[in-house]
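Student:
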Amino acid sequence: MPERKKVYVTRELPEDAMKLLKSKFNVEVWQGEMPPPKSVLKEKVQEIDGLICLLTERIDREIIDAAGTQFHGISQVAVGFDNIDVDAATEKGIYVTNTPGVLTETTADYAFALLMAVARRIAEADKYVKSGRWKVPWGLTMLLGQDIWGKTIGIVGMGRIGSAVARRAKGMNMKILYYDVIRNEKAEKELGAEYVDLETLLKESDFVTIHVPLTSSTRHLINEERLRLMKKTACLINTSRGPVVDEKALYKALKEGWIWAAGLDVWEKEPTDPNNPLLKLDNVTASPHIASGSIATRTRMAIMAVENMTAILEGKVPPNLVNKEVLKVRPPSS
Ligand code: GLV
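Quick note: the sequence shown uses this note's numbering, first residue 25, plus one each step.
(1) On the DSSP bridge list, what partners appear for T233?
(2) Just to confirm before moving on: does the CB-CB distance between V142 and T309 stay below 8 angstroms?
(3) Here's a check: name, in chain order, each residue in its chain whose Cβ is nearer than 6 angstroms to the Cβ of R359, leaving out the five neighbours to either side.
(4) Three-state secondary structure (DSSP) at G339?
(5) Near the ligand GLV, which residues have their beta-carbon closer than 6 angstroms to a heavy atom?
(6) Is P267 closer than 8 angstroms to E294 when the C-beta atoms are compared?
(7) Looking only at its own chain, which residues have a Cβ that is under 6 angstroms from the Cβ of G178, when we skip the five neighbours before and after it?
(8) Can you tell me the Cα-Cα spacing of L127 and S187, whole angstroms?
(9) Could you tell me the alpha carbon to alpha carbon distance between N363 and L345, rounded to whole angstroms?
(10) If I'm right that R35 touches F49 with Cβ under 8 angstroms, what's the distance once you round it to whole angstroms?
(11) Keeping to the same chain, check which residues put their C-beta closer than 6 angstroms to that of D84; ignore five residues upstream and five downstream.
(12) In the DSSP output, what is S99 paired with across the bridge?
(13) Compare the beta carbon distance of L167 and R145 with 8 angstroms and say whether it is the shorter of the two.
(14) Can you give me the C-alpha to C-alpha distance between L215 and R191, rounded to a whole angstrom?
(15) So D73 and K30 are in contact, right, with Cβ under 8 angstroms, and what is the actual spacing, rounded?
(16) To which residues of the same chain is A132 closer than 7 angstroms at the C-beta, ignoring the five residues directly before and after it?
(17) For V103 and P59, what's the separation of their Cα atoms in angstroms?
(18) Is DSSP giving A315 helix, strand or coil here?
(19) Please state whether DSSP places G186 in a helix, a strand or coil.
(20) Should the segment 148-156 be called in touch with the segment 201-211, which here means at least 3 C-beta pairs below 8 angstroms?
(21) For E52, list the residues DSSP reports as bridge partners.
(22) For Y412 and V350, what's the separation of their Cα atoms in angstroms?
(23) Between which two residues does the alpha helix (DSSP H) holding V142 run?
(24) Pull the bridge partners of K199 from the DSSP assignment, please.
(25) For V330, which residues in the same chain have their Cβ closer than 6 angstroms to its Cβ, ignoring the five residues on either side in sequence?
(26) Using 8 angstroms for Cβ pairs, my map puts S318 next to V290. What's the rounded Cβ distance?
(27) Tell me the DSSP bridge mates of A285?
(28) Could you name the residues that DSSP lists as bridge partners for A310?
(29) With H, G and I counted as helix, E and B as strand and the rest as coil, what does DSSP make of L37?
(30) On the three-state DSSP scale, how would you describe E71?
(31) If you run the structure through DSSP and keep just helix, strand and coil, what is I108?
(32) Helix, strand or coil, according to DSSP, for L225 in the structure here?
(33) In whole angstroms, what is the alpha-carbon distance linking M196 and G169?
(34) Please classify W284 as buried or exposed, where buried requires at least 16 other C-beta atoms within 10 Å of its C-beta.
(35) If distances are taken between C-alpha atoms only, which option among E280, G97 and Q55 comes closest to Q70?
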């Protein structure tokens with residue numbers, strides 16, 4: 025019997041995924057809550073055939089250069105893959121996969137939940153009651169928020185997740201504006217979404233929600249100049265990647281009232297510093313990058329990552345190959 029291929033996993037996966045993986049490969053798992061240090065990854069890639077990793081691992085050129093010729097693939101348990109130097113992997117014939125689709129609805133649920141929480145100040149209300157500050161039985165002006173029903177939502181990035189958010193917005197009778205580098209005619213036809221430039225979207229939306237990948241052209245896409253275009257009553261929701269928003273500029277915008285509030289699931293640095301001034305603001309609702317975090321979805325993501333890895337190591341084209349050009353460098357079955 026040929027020797028089983030070796031897969032290194034950078035964190036324990038849900039049980040079903042782990043069982044499936046272990047039924048096929050020799051598996052080693054990094055035993056720690058924190059990501060493995062770079063030195064460990066550099067050493068491991070010299071002898072393993074595949075790596076299953078999370079978005080917290082920076083798989084840069086140095087790690088990829090250290091890989092032996094047997095090293096065949098990186099299977100990321102996430103849809104975003106800005107932590108991986110995909111160009112370096114492609115040059116070396118290393119397949120890179122992600123987990124799109126399975127987390128779309130869960131992430132959109134969360135983005136919309138955050139939007140509603142921010143608009144109606146749910147996190148503040150919770151603290152208000154629990155801290156014993158609720159004294160007046162019912163206050164006509166107590167913790168007043170913004171309406172959602174029938175308002176305008178501006179979706180930055182109308183891909184899978186943006187479209188799923190738009191479907192929820194349609195249910196709330198919202199006017200849907202969107203901006204993307206490519207038009208989404210399906211969303212226009214089916215959801216009545218209107219394609220506008222980013223400036224128009226920012227000026228006209230009551231809610232701006234971000235659903236773009238992090239790339240060199242989306243880094244600090246929402247900067248001081250653009251925040252200044254938004255309505256004073258607007259809410260900004262970010263469940264994509266933290267560096268898409270310039271946090272320093274956002275702090276000024278929230279502190280000085282250029283915009284009304286923000287809901288942030290993602291941060292320029294994760295975990296964000298407990299002293300991040302944004303965390304001191306009542307008009308910020310914060311969470312620790314959990315938008316895709318339902319029990320069922322995280323299991324599906326892990327299983328998908330295992331299936332991608334299995335296809336790679338069986339010499340097939342994996343279902344969610346990110347770097348299709350790699351097929352020329354290392355054709356399947358080689
Ligand atoms: C989570 O942020 C993901 O990219 O899947």
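By construction, the Cβ of each residue, glycine as well, lies at the ideal position given by its N, Cα and C atoms.
Tutor: Checking against the coordinates, here is how it stands:
(1) Stepping through the sequence shown from its first residue, residue 233 is reached at position 209. Paired residues: I179 and I261.
(2) Here residue 142 refers to the residue found at position 118 of the sequence shown. Here residue 309 refers to the residue found at position 285 of the sequence shown. Against a cut-off of 8 angstroms, the Cβ pair of T309 and V142 comes out as a contact.
(3) Within the shown structure, residues of the chain are numbered from 25 to 358, placing residue 359 beyond reach of any answer.
(4) As a first step, residue 339 is located in the sequence shown; it is residue number 315 there, counting from the start. In this structure, G339 counts as coil in the three-state DSSP scheme.
(5) These are the residues, in chain order, with a beta carbon less than 6 angstroms from any non-hydrogen atom of the ligand GLV: L79, A102, V103, G104, L127 and S316.
(6) By one-based count along the sequence shown, residue 294 stands at place 270. By one-based count along the sequence shown, residue 267 stands at place 243. Contact annotation: E294 and P267 have beta-carbon atoms that are not nearer than 8 angstroms.
(7) Locating residue 178 in the sequence shown gives position 154, where the first residue counts as 1. Counting only Cβ-Cβ distances below 6 angstroms, and skipping sequence neighbours, we find L201, L225, S229 and V232.
(8) As a working mapping, residue 127 is identified with position 103 in the sequence shown. As a working mapping, residue 187 is identified with position 163 in the sequence shown. In a straight line, the C-alpha of L127 is about 13 angstroms away from that of S187.
(9) Here the chain covers residues 25 to 358 and nothing more, so residue 363 does not appear.
(10) Sequence index remark: in the sequence shown, residue 35 carries index 11 (1-based). Sequence index remark: in the sequence shown, residue 49 carries index 25 (1-based). Between R35 and F49 the beta-carbon gap is near 16 angstroms, outside 8 angstroms, which marks them as no contact.
(11) Start at 1 with the first residue of the sequence shown, and residue 84 comes out as number 60. Taken in chain order, the residues that qualify are D109.
(12) Here residue 99 refers to the residue found at position 75 when the sequence shown is read from its first residue. Paired residue(s): I76 and T121.
(13) The sequence position of residue 167 within the sequence shown is 143, counting from 1. The sequence position of residue 145 within the sequence shown is 121, counting from 1. With respect to the 8 angstroms criterion, L167 and R145 are classified as neighbours on the basis of their beta carbons.
(14) Taking the first residue of the sequence shown as 1, we reach residue 215 at position 191. Taking the first residue of the sequence shown as 1, we reach residue 191 at position 167. Rounded to the nearest angstrom, the gap between the Cα atoms of L215 and R191 is 7 angstroms.
(15) Translated into positions along the sequence shown, residue 73 becomes position 49. Translated into positions along the sequence shown, residue 30 becomes position 6. Confirmed, Cβ separation roughly 5 angstroms.
(16) In the sequence shown, residue 132 corresponds to position 108, counting from 1. Cβ neighbours of A132 beyond the five flanking positions: I185, A188, V189 and R192.
(17) By 1-based counting over the sequence shown, the position of residue 103 is 79. By 1-based counting over the sequence shown, the position of residue 59 is 35. Rounded to whole angstroms, V103 and P59 show a C-alpha spacing of 18 angstroms.
(18) On the sequence shown, residue 315 is found 291 positions in, with the first residue counted as 1. Under the three-state reduction of DSSP output, A315 falls in the coil class, being neither helix nor strand.
(19) Taking the first residue of the sequence shown as 1, we reach residue 186 at position 162. In the structure shown, G186 sits in a helix (DSSP, three-state: H, G or I).
(20) In short, these stretches do not touch, since the Cβ pair count stays below three.
(21) Taking the sequence shown and counting its residues from 1, one reaches residue 52 at position 28. Note: E52 sits in a beta bridge opposite Y32.
(22) This structure leaves residue 412 out entirely; the chain is present only between 25 and 358.
(23) Here residue 142 corresponds to residue number 118 of the sequence shown, with the count starting at 1. Taken as a continuous stretch (DSSP letters only), the alpha helix (DSSP H) holding V142 covers T128 to A143.
(24) Position 175 of the sequence shown, counting from 1, holds the residue named residue 199. Paired residue(s): T176.
(25) Your numbering for residue 330 matches position 306 in the sequence shown. Result list for V330: A41, L44 and L45, in chain order.
(26) Within the sequence shown, residue 318 is the residue found at index 294, counting from 1. Within the sequence shown, residue 290 is the residue found at index 266, counting from 1. With a contact defined as Cβ atoms closer than 8 angstroms, S318 and V290 miss out at about 17 angstroms.
(27) If you number the sequence shown from 1, residue 285 lands on position 261. A285 is bridged to C259.
(28) Against the sequence shown, residue 310 aligns to sequence position 286. Partner residues in the beta bridge of A310, as assigned by DSSP, are L288.
(29) Along the sequence shown, read from residue 1 onward, the residue named residue 37 stands at position 13. In the structure shown, L37 sits in coil (DSSP, three-state: anything other than H, G, I, E or B).
(30) Position 47 of the sequence shown, counted from the start, is the residue given in the question as residue 71. Coil at E71, not helix or strand.
(31) In the sequence shown, the residue the question calls residue 108 occupies position 84. In the structure shown, I108 adopts extended strand secondary structure according to DSSP, grouped into three states.
(32) Residue numbering aside, residue 225 sits at position 201 when the sequence shown is read from its first letter. DSSP, read as helix, strand or coil, puts L225 in helix.
(33) As a position in the sequence shown, residue 196 is number 172, starting the count at 1. As a position in the sequence shown, residue 169 is number 145, starting the count at 1. Using only the alpha carbons, I get a separation of about 16 angstroms.
(34) Within the sequence shown, residue 284 is the residue found at index 260, counting from 1. Looking at its Cβ environment, which holds 16 or more other Cβ atoms inside 10 Å, W284 is buried.
(35) Here residue 70 is taken as the residue at index 46 of the sequence shown, counted from 1. Across the set E280, G97 and Q55, the C-alpha of G97 shows the shortest separation from the C-alpha of Q70.
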